[in-house]
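Here the protein sequences come in this chain order: A and B.
Heads up, the first sequence is in the working numbering, so the first residue is 2 and it goes up one at a time.
Heads up, the second sequence is in the working numbering, so the first residue is 209 and it goes up one at a time.
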Amino acid sequence: MRISNRAIYRNINFHLSNLTEQLKNIQERIATERRINKPSDDPIGTTQALRLRKVLSQIDQYGKNIEGGSSWLKVTDTALDAIGQLVSRAKEIASLMSTGGTSESEREAAVRSVQGLLDQLVQIGNTKLNGRYIFSGYRDDTPAYTDDLTIRSSSADPGNNPAYTGQATSSGTYTGLYGKQYVVEITTGGAVGVARYRVSENGGETWGPADAFETSTSPTEVYNSTDLGVRIAFTDSGTLTPGDRFFIEVSRYQGDSEKIRIVTGASSRVEMNLTGTEVFGQAGSDLFDVLTELKNALETNDTAGVRACLSPLVQFQSNLTGYRGEVGNRLERMETYKKILSDFDLQHTNRLDEITGVDLSQLAVLLQLKQTLYESALYSASRILSLNSTDLLR
Amino acid sequence: MAGISSVLNIMREAMMVQQMAIQVTSHNIANVDTPGYTRQMMVLESNPVLLNNRLKVGLGVKAAVVVQAFDRFATQTIQQRTSALSEFESKKSVLDFLQAVFNEADGSGLTQSLQEFWSAWGDLSNNPGGLLERTILLTKATTLTERFRFLYNQLIQMKSEMSGNLRQGLQELNTLTEQVTNLNGKIVAAEAGGTRANDLRDQRNTLIEKISELTAIRTLETDDGSIMVTTASGMALVDGIQSFSLVPQGEEIHWNGDTADIRDRLSGGKIGGWLDLRDAILPQYMANLDELAGTLIYQVNQLHFNGVTLDGSTGKTFFAPNPGDDYEAEVPGPTFSGAAGAIALSADVEGIPQNIAASSASGGSGNNENALAILSLQDGAVDIRKWTYERGSAPSSEVQSLTLDDYYTMLVGDLGLLGEEIDQGWDFEASLVNQLNELRDSISGVNLDEEMVNLMKYQQAFVAASKVIAICDELLRGLMEIR
């Protein structure tokens, strides 16, 4: 084949610039420690790497969620432990005082102790983590328990008849000693002023006489046996139907019964909180009521009353053990998740490294090889270019 | 007439012919590095024989013609492949730039902004009432929208750069076709006498190669030596001494003052590459980015609209603009065109972290259900259109069911595949053109060694001819000395 001088120059240029580019690519890979420096270097690897990075960032997020959940559960556990000790103490006092023959001063000391336990219980109930009340359900910005019993605003039965479009509002000053769950049930239908209702004081277990009270736009009585100052007022709008129910809770609890869930995986949500109702019991029979009862029984030297407090306290104690077990289980599950996640994290990081990372020693050898090639190409080019027939032909 | 004077004549002629041959050789040597130069050769012929008393006596040499060592096949193939090569070249540089802009190689592009956006929702779900978490979410969302707008603006800028390139490319093309017509005229005039206008042809070939860098063309040489140039689709650019201009008119391109848009009839070369980029590749990425941004806006806003803020209100949007979506009727806007360029935080939440709707119902700052619902978008497949743009046909789309993250991953993957395809195409065409050039140079290129040998050959012939003249001189002198 004829070789023209132009071809020699072009060839030298073409191949030298090719080698230069390869050198540059190898150098780039070494400098960035990445095999893929732009998507076209390996499109499939790029998309795999993107997916892996997404998974890794999710794992990171799940890890954070679990970390948060774990500390929540640990705080819950500490609180449950404190409540347990408190209940034991109350039980001790109750059993000590239930035998009778105790002196006035002993009883007074016991009353003070129980009052102290009640105050302590409110404090434990209002345990906070990062500014959130852990026993308040979704109302984590509100303390779970107040020092005194409060009449909560009334709420309508979810299955309530929509014919009544007004609202029932609770009011009054509570004069009772214990929590109560009042239910107002319409027994005679009609507009406000015509309709009449009956009342339950224990969430609908037992009822007062039907048609005991007339609905009114001004606050009217709500009670079954004793008037403890709870009132209800209806706004005049629409018709009330027999069976319509309105609930008024008198309790120390200000939270709700919602469960806060955290994300621990792509499709796994874990309940994190225990609500006040779960731990401390329903209004009317919650731990506060039991302790109040104990206190009152001690004040009135009612030994039978004191003894009666023992069995609910034992019940609470076993409930608490159950909840502590539950919390322990959840914590253990969190630990397991954490371990699985860290395994996952390691696997995915390794995969990502395999896909995007470089083998430095291999690259160093390759670089050496290309460098040698480049140098020999330069050398041979200089030899060829210096060949000149004009020096030889004369 | 035979005899010494005849010999003298033959030798005079021979010396002139050898000098001319040396001239051709020196022309070759002088042009050893001239781009597009085709090696020339002097064709020698013996003069017609003189019949002298039944004896046929030769009458010496003459210079018949100077020919070019021209390889028509290699030259035409090079023209074609040059178009393909420069098309790849123009696309390669843009694709390299695009990949750098998307910057997904180290995971610091839109993917990361998206991840951080989702993570911020995750953090918020762990503390739905937290102002810090809310503020961080707004910051991350702002970064995400900025990332979208940055990408979109880069694409727009790149598109307008392509328009600028096209205007310049067409201007260059018009200048080149005009120059070809000039040379056509000169070559026809020069070759009318039967000689070949070698150097003019070289110039013309160089110009035609430049034209084929701009767009794919076909050439046809007519008998009178002029060349006809048409686009690959058969649209005339040069016919004899007439050239036809291509003029940009807005986005359109018009032929020779015609009003019809002939963009679809241009392919290959830089112009074809720029047209592909401006009218298909870039708009497709913009449309798909719009789709991603629009779907993100719609999906997040729909959930956010129905969620409850810290102060218990509903009906707040998270992202702007609201592209004609009806969140209550769950009707997304008919088109998301321009969404990626406009996406921003809505006025509802911008600077008001309390207005982020993390809850599903009022009455509890610990309610994280809406934050969880929005977070589920990260792993939930949604219906999302994928657009395909092709030059010469209307954009089409198909609905796919993908997560937003996967959709973007797919876009990056497509970008990588296109980039790889173009890189490989470029590598192939570049080495092909190099080989073809080598092939052509093996015929048309100048080899200095060869020329040196030729030079010596002609020199020796010249010296020999002078020697013959010297002998004739001696012979004549001998004759003169006869007394």
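Think of the CB as a built atom: it goes at the ideal place given N, C-alpha and C, for glycine as much as any other residue.
With 8 Å set as the bound, which would you pick, yes or no: does the beta-carbon of A/N351 sit closer than that to a beta-carbon of chain B? no
Once DSSP output is grouped into helix, strand and coil, what is the label at B/R262? coil
Could you compute how far the alpha carbon of A/I4 sits from the alpha carbon of B/H235? 18 Å
Thinking C-alpha only, which one of B/V309, B/E598, B/G624 and B/T525 is nearest B/I582? B/T525
Could you name the residues of chain B that A/T48 contacts, counting a contact when the two beta carbons are closer than 8 Å? T617, M618, V620, G621 and G624
Distance CB(A/L353)-CB(A/L53) smaller than 8 Å: yes
Can you list, in chain order, the residues of the segment 123-149 of chain A whose Cβ is nearer than 9 Å to any Cβ on chain B? N131, G132, R133, Y134, S137, G138, Y139, R140, D141, D142 and T143
Have a look at B/S441, B/T517 and B/G571 and flag the residue whose alpha-carbon is nearest the alpha-carbon of B/R342. B/T517
Backbone CA spacing between A/I31 and B/S294 [nearest angstrom]: 31 Å
Which ranges does the alpha helix (DSSP H) cover as unbroken runs of at least 4 residues, wholly within the segment 40-108 of chain A, from first to last along the chain? 44-98
With a threshold of 8 Å between beta carbons, is A/I4 in contact with chain B? yes
Cα-Cα, which of B/I218, B/M370 and B/R486 is closest to B/N255? B/I218
Pull out every residue of the segment 646-677 of chain B whose Cβ sits closer than 8 Å to any Cβ of chain A, in chain order. E646, D649, S650, I651, S652, G653, V654, N655, L656, D657, E658, M660, V661 and M664
Are B/R473 and B/D487 closer than 8 Å when you measure CB to CB? no
Among residues of its own chain, excluding the 5 on either side of A/G205, which ones have a beta-carbon nearer than 7 Å to its beta-carbon? V184
When the Cα atoms are used, what is the spatial distance from A/S226 to A/G180? 15 Å
In chain A, which residues lie with their C-beta within 7 Å of the C-beta of B/V516? Near B/V516 there are no residues of chain A at all, since even the closest Cβ is about 11 Å away, more than 7 Å.
Less than 8 Å separating the beta-carbons of B/V388 and B/V437? yes
Check whether the Cβ of B/N335 lies closer than 8 Å to any Cβ atom in chain A. yes
Output, in sequence order along the chain, the residues in the segment 173-201 of chain A whose CB is closer than 9 Å to any CB in chain B. none
Could you give the residue range of the alpha helix (DSSP H) that holds A/T350? L311 to T357
Can the beta-carbon of A/L311 be found less than 8 Å from the beta-carbon of A/L122? no
Can you tell me whether A/F214 is buried or exposed? The criterion is at least 16 other CB atoms within 10 Å of its CB, across all chains shown. buried
Can at least three beta-carbon pairs, one atom from the segment 495-513 of chain B and one from the segment 592-612 of chain B, be found at a separation below 8 Å? yes
What number of angstroms, rounded off, separates the C-alpha of A/N26 from the C-alpha of A/K129? 57 Å
What does B/N575 reach in chain A if we use C-beta pairs closer than 7 Å? Y139 and E259
If you draw a straight line from the C-alpha of B/M209 to the C-alpha of B/I690, how long is it? For B/M209, the predicted structure reports a pLDDT of 47, less than 50, and the residue's modelled location is therefore unreliable. A value from the coordinates is still provided. Distance between the alpha carbons of B/M209 and B/I690 is about 22 Å.
With DSSP as the reference, please indicate the residues paired to B/V269 in a beta bridge. B/S254
Which residues in chain A have a C-beta closer than 9 Å to the C-beta of B/S327? List them in chain order. S58, Q59, D61, Q62 and K65
Spell out whether any CB of chain B is found under 8 Å from the CB atom of A/A309. no
Anticipated Cβ contact below 8 Å, B/N311 with B/V654, distance rounded: About 48 Å; that fails the 8 Å criterion.
Kindly give me the distance between the Cβ atoms of B/A271 and B/V225, rounded to whole angstroms, as I take these residues to be in contact under 8 Å. 5 Å
Is DSSP giving B/S453 helix, strand or coil here? coil
A/Y183 - containing alpha helix (DSSP H), residue span: Note, A/Y183: premise wrong, no alpha helix (DSSP H); beta strand (DSSP E) at K181 to T189.
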